[in-house]
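For reference, the structure is listed below as structure tokens.
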Amino acid sequence: MLASTRANTVIVRSESPSIFNTFRRHRRQLLVKNSTLWLQTSASAFFLSLPSI
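My numbering applies: residue 106 is where the sequence shown begins, and numbers increase by one.
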């Protein structure tokens, strides 16, 4: 049991950097997508609220 858990932790440690890097890359892409979406929605809301002013 201890040997198997030790082997698993070693495997996880060796694989974690690549997973972490891909996760960070995905998060950056998501942040860019979210910011562009937010900009689009805020701009459309601003232009929609213009006639009522």
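Yeah, the Cβ is synthetic: ideal placement off N, Cα and C, and Gly gets one too.
* To do: Measure the alpha-carbon distance for Ser140 versus Ser123 and round it to whole angstroms.
  => 26 Å
* Straight-line gap, Phe128 to Leu135 (C-alpha atoms, nearest Å) -> 10 Å
* Is DSSP giving Leu155 helix, strand or coil here? -> coil
* Straight-line CA distance for Leu153 to His131? -> 32 Å
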